[in-house]
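Presented below is the structure to which this report refers.
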Amino acid sequence: METTRLIIVAVGGQGNLLASKVLGEAALISDVPVRMSEIHGMAQRGGVVESAIVFGDATSSIISDGEADILLGFEPSETLRAINRCSKKTRVITNTATLPPFTVSIGKGVYPAVETVKDLLKEKCASLVAIDAMKLAKEAGSPMSVNIVLLGALVQSGGLGFTKEAMLEAIKRRTKASFLDMNLNAFEMGYTAAKEYNS
Amino acid sequence: MHKLLNDQPGEKIMLLGNEAIARGAIEGGVAFSTTYPGTPSSEISLNLFQMSQESDLYFEYSTNEKVALEVAAAAANSGLRTFCMMKHVGLNVAADPLMTLAYVGVTAGMVILTADDPAMFSSQNEQDNRYYAKFGNLPMLEPSTVAEAKEMAKYAFELSERLLQPVLLRTTTRINHSNAYVTFGDITPRKTKGKFIREPSRCVTVPAVSRQLHVKVLEKMAAAKTISETSDFNRIQGSGKFGIIANGVSYPYAQDAIKDLGIEDQAKLLSVGFSNPLPEQQIKAFLAGCDKVLVIEEGEAFMEEAVKAFAQEAGIMIPINGKSDTLFSRLYEYDPAMVREKMAAYFGIAYTPTEKLSTDNIPELPMRPPNLCSGCSHRATFYEVQQAAKGMDIICPNDIGCYTLGFMPPLSTGDFVICMGSSVSTSCGFSKATDQKVISFIGDSTFFHSGMTGLVNAVFNHHNFTLVILENDITAMTGHQPHPGVDMERFGLKGYGRVNIEQVVKALGVEHVSVIKPFKVKKSIETIKEALAFQGVSVIISQEPCMLYAKSLKLLTKRVFKVTDKCKDHRDCINTIACPSFYIEDDKVKIDADTCAGCALCAQICPENAITPLKK
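If you read the protein sequences in the order shown, they are chains A and B. With numbering that gives the first Met the number 0, letter number 155 in the first sequence gets 154, and the count goes up by one each step, no holes. With numbering that gives the first Met the number 0, letter number 578 in the second sequence gets 577, and the count goes up by one each step, no holes.
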């Protein structure tokens, strides 16, 4: 089976570890081998949280610089920061809603213009899908569903080796029952937004 | 029922490496378990703690790793299968009992887990604990995948029981914190009540006894070597003239690299999972068929040096390499591309690495370092100490926990950190060696772990410093584990004692003890000033629950603050306390209502009183 390497970058609290678990479940449902690696500990105190997910036959559970097939960014400056994980073959999906780090407030850094981030990702990588997942999550019912909106966009972009139906089943199994309707809605919104972005 | 107590062998489930290890211990019939939490090992004990609440498994959070190992040693010498887990530096704390427990041995399976942290994702060093196995004469197993981690944890109990020797299970962060599918196996029934049988010629380590025990340890290790020679955890795949020897996560990287380079018919790969004692005869036979050998192991040249020695004994003259300026480093962790590139270079295989993207026109991105949380009481305490000590030439030894982050600007409090408990003892040294004012910081869990002995030293030797104990009612950094000062009823658990820090400090003989509530700024600063003026050892106990913990217990009545029009843009709030809930919009300071925890620290320091509660 072809190997697909996916990197997810997010800011602590955006729910990327749950997103990874849903992807893992979808892979199990679809009989796709999967291994994932995540960073815990001090990195969680407001820092960047990164997951690496390897689908297919490779046996490693981490992804080297320049070797991500897909980069999914939950925050635009973090997506751009992860550009070293990409090559010109990498497909990029990013949220455009910003979460400026505290260093910007204290004048220790300048947050880049989102248009610049998009232009750079488009210029360097194979393709780009950029959606305001926060806006869609709020429309779906809660900012907490931003991770599921982005999973919708990821699945629409393809290349994971499993179907949308497998993903919907994984969401049912892995997310709280009381949030299920909201999450399914959020997933569809992300899916549709990615489809429209491409057309 | 806890998912890891599931008694349906054959069921497949996605598990975190640490969950897989906890499951492996359950399958191995563990009855008794102890720990002091530490990343990357913490989720193993968290799962055992949870399972102990719904089964007859015994689990305890011990005060430190030495205590945890000694508690466990007694159980393992009373006939119970015992598991003791810790992070790599924790084994330094437990090294004293470890070295002699290895002489005494056990009467039932005992597994000691050390979770190493190459690249230091959340540790103060990246020491390679494989040397403890060699140093202490302990058989050692090292998993290379999550699934294997479960199998090894289970097997380790059998191995230990066969040799009557504790077994070291050594992981690295990329095993502990990886997820993969694991198949549940049979659960060995737990034997939960043991009996100690008196055996002074083995258990009382006076010199005459230990001289005999050392002989027995060497015999046990000779027996362990025989098992290692034929262990399924040391396996060879492929055949060819290129020899590759790898351990832990380097093994899957090597497997992938062989495939990616298309050298499956030229390379044979020895994966070493039973790594102390190394399978000497197996390695010698492996070397005999090779033209050239590459050893891939993160950390030190533990295997490489042994393999070279084996080659010398066997009269094998082929090149054997691993660590060098052009090959692998002793620093940090490895990754698949690095292994592929070094392997290609070493064996002379044509290989073009992935073309790097040019990053010339990427703007410099703002850093996102870890930070104390919004509403963290440590921020208030650090601010107040700095205010109280204004004008003094101070040294601030700090300790291991969330509050280590106090060293970052603008709080800039934390000048010396080496290990758990060192804040107190290094204060003793700094106060004698210099004329600077010493103010040190330690968390409540860390104080119980190894701060108390330093404080006794300070009282006895009449040192002169102020120790601030940050009592936030929980072990926060590692994910909210209990400690001896915690009210266990908050966990819904009965039958625990509770140790009061203020009483302990007074009983240790500290003459000047004060308590502050850090979110009462003015009063706290006054109290701190008095403590700083005291000649001798003074202790300030700063009491405020961890905000995240209080939130999870629903103890927090959230009262969000806002910046009003009275703001004259002094920016004292941002520049002195740097709470992550502040942000700048249209050149004005704002407070993010979603993340503000309502601690009111900023409201108390604003010179214009411009920060007020946001009325709903």
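Ideal Cβ placement from N, Cα and C applies to all residues, glycine included.
For residue i and chain A, any beta-carbon pair shorter than 9 Å?
{"i": "tyrosine 252/B", "result": "yes"}
{"i": "methionine 220/B", "result": "no"}
{"i": "cysteine 545/B", "result": "no"}
{"i": "arginine 169/B", "result": "no"}
{"i": "phenylalanine 120/B", "result": "yes"}
{"i": "cysteine 372/B", "result": "yes"}
{"i": "isoleucine 663/B", "result": "For residue 663/B there is no data in the structure shown, the boundaries of chain B being 0 and 615."}
{"i": "aspartate 358/B", "result": "Before going on, a small fix: residue 358/B reads as threonine here, not aspartate. It does; some Cβ of chain A falls within 9 Å."}
{"i": "arginine 173/B", "result": "yes"}
{"i": "threonine 144/B", "result": "yes"}
{"i": "histidine 213/B", "result": "no"}
{"i": "asparagine 499/B", "result": "no"}
{"i": "valine 416/B", "result": "no"}
Using a cut-off of 7 Å between C-beta atoms, extract the partners of residue i located in chain A.
{"i": "phenylalanine 581/B", "result": "Ser104"}
Residue i: buried (16+ other C-beta within 10 angstroms of its C-beta) or exposed?
{"i": "leucine 167/B", "result": "buried"}
{"i": "lysine 567/B", "result": "exposed"}
{"i": "lysine 20/A", "result": "buried"}
{"i": "histidine 461/B", "result": "exposed"}
{"i": "aspartate 472/B", "result": "buried"}
{"i": "phenylalanine 581/B", "result": "buried"}
{"i": "alanine 592/B", "result": "exposed"}
{"i": "isoleucine 196/B", "result": "exposed"}
{"i": "phenylalanine 459/B", "result": "exposed"}
{"i": "glutamine 480/B", "result": "buried"}
{"i": "alanine 344/B", "result": "exposed"}
{"i": "valine 128/A", "result": "buried"}
{"i": "valine 509/B", "result": "buried"}
{"i": "asparagine 124/B", "result": "exposed"}
{"i": "aspartate 6/B", "result": "exposed"}
{"i": "tyrosine 331/B", "result": "exposed"}
Taking Cβ-Cβ distances shorter than 8 Å, what residues in chain A pair up with residue i?
{"i": "alanine 179/B", "result": "Val33, Arg34, Met35 and Ser60"}
{"i": "methionine 366/B", "result": "Pro100, Thr102, Lys107 and Gly108"}
Cβ closer than 8 Å: which chain B residues qualify as neighbours of residue i?
{"i": "threonine 115/A", "result": "Pro362"}
{"i": "serine 198/A", "result": "By Cβ distance, chain B contributes nothing, its closest Cβ being about 27 Å from serine 198/A, past 8 Å."}
{"i": "isoleucine 82/A", "result": "Leu356, Thr358 and Ile361"}
{"i": "glutamate 24/A", "result": "Met13"}
Does residue i get closer than 9 Å to chain B when you measure Cβ to Cβ?
{"i": "lysine 123/A", "result": "yes"}
{"i": "methionine 20/A", "result": "Reading the sequence as shown, one finds lysine at residue 20/A and not methionine. Yes, its Cβ sits closer than 9 Å to a Cβ of chain B."}
{"i": "valine 47/A", "result": "yes"}
{"i": "lysine 171/A", "result": "no"}
{"i": "lysine 87/A", "result": "yes"}
Give me the chain B residues within the contact set of residue i, using Cβ-Cβ distance strictly less than 9 Å, ordered along the chain.
{"i": "leucine 27/A", "result": "Lys11, Ile12, Met13 and Tyr180"}
{"i": "aspartate 64/A", "result": "Asp334, Ala336, Thr353 and Lys355"}
{"i": "alanine 57/A", "result": "Pro251, Gln254, Asp255, Lys258, Asp259 and Pro335"}
{"i": "valine 10/A", "result": "Arg367"}
Of the choices the options, whose alpha-carbon is the least far from that of residue i?
{"i": "alanine 152/A", "options": "Thr58/A, Ser59/A and Leu70/A", "result": "Leu70/A"}
{"i": "lysine 587/B", "options": "Asp30/A, Ile105/A and Val145/A", "result": "Ile105/A"}
{"i": "threonine 594/B", "options": "Cys605/B, Arg570/B, Thr575/B and Lys557/B", "result": "Lys557/B"}
{"i": "asparagine 91/B", "options": "Val559/B, Gln126/B, Asn608/B and Met0/B", "result": "Gln126/B"}
{"i": "methionine 35/A", "options": "Pro99/A, Ala136/A and Ser50/A", "result": "Ser50/A"}
{"i": "tyrosine 130/B", "options": "Ser122/B, Met139/B, Asn124/B and Gln123/B", "result": "Met139/B"}
{"i": "glycine 413/B", "options": "Asn178/B, Gly491/B and Tyr382/B", "result": "Tyr382/B"}
{"i": "serine 421/B", "options": "Leu410/B, Ile438/B, Pro409/B and Pro396/B", "result": "Pro396/B"}
{"i": "arginine 4/A", "options": "Gly11/A, Leu27/A, Asp56/A and Val48/A", "result": "Asp56/A"}
{"i": "glutamate 77/A", "options": "Thr58/A, Val48/A, Leu179/A and Glu138/A", "result": "Val48/A"}
{"i": "lysine 171/A", "options": "Phe73/A, Pro142/A and Asn184/A", "result": "Asn184/A"}
{"i": "aspartate 55/B", "options": "Pro188/B, Ser40/B, Ala146/B and Ala179/B", "result": "Pro188/B"}
{"i": "glutamate 64/B", "options": "Met316/B, Ala73/B and Tyr35/B", "result": "Tyr35/B"}
Chain B partners of residue i, CB-CB under 7 Å?
{"i": "alanine 132/A", "result": "Neighbours of alanine 132/A on chain B: none; closest Cβ ~16 Å, over 7 Å."}
{"i": "proline 111/A", "result": "Pro362 and Leu364"}
Could you name the residues of chain A that residue i contacts, counting a contact when the two beta carbons are closer than 9 Å?
{"i": "histidine 448/B", "result": "Those within 9 Å of histidine 448/B in chain A number zero; the least Cβ separation is about 18 Å."}
Review point. Given 8 Å as the limit, is there contact between the stretch 415 to 435 of chain B and the stretch 484 to 498 of chain B, that is, 3 or more CB pairs closer than that?
Key: no
Point to revise | Inter-stretch contact at 8 Å, needing at least 3 Cβ pairs: the stretch 12 to 32 of chain B / the stretch 176 to 194 of chain A | key: no
Point to revise | Three-pair Cβ contact test at 8 Å for the stretch 372 to 386 of chain B versus the stretch 283 to 299 of chain B | key: no
Point to revise | Cβ pair count under 8 Å reaching 3, the stretch 524 to 534 of chain B against the stretch 554 to 572 of chain B | key: no
Exercise for review: Answer yes if the stretch 226 to 236 of chain B comes into contact with the stretch 264 to 277 of chain B, meaning at least three C-beta pairs across the two stretches below 8 Å, and no otherwise.
Suggested key: With a cut-off of 8 Å, the stretch 226 to 236 of chain B and the stretch 264 to 277 of chain B count as touching, because enough Cβ pairs lie within range.
Review point. Would you say the stretch 4 to 15 of chain A touches the stretch 140 to 150 of chain A, given that touching needs at least three Cβ pairs under 8 Å?
Key: yes
**Study point:** Contact between the stretch 210 to 222 of chain B and the stretch 49 to 59 of chain B (3+ Cβ pairs under 8 Å)
**Key:** no
Exercise for review: Taking 8 Å as the threshold, find out whether the stretch 133 to 144 of chain A comes into contact with the stretch 162 to 181 of chain A through three or more Cβ pairs.
Suggested key: Touching, per the Cβ criterion.
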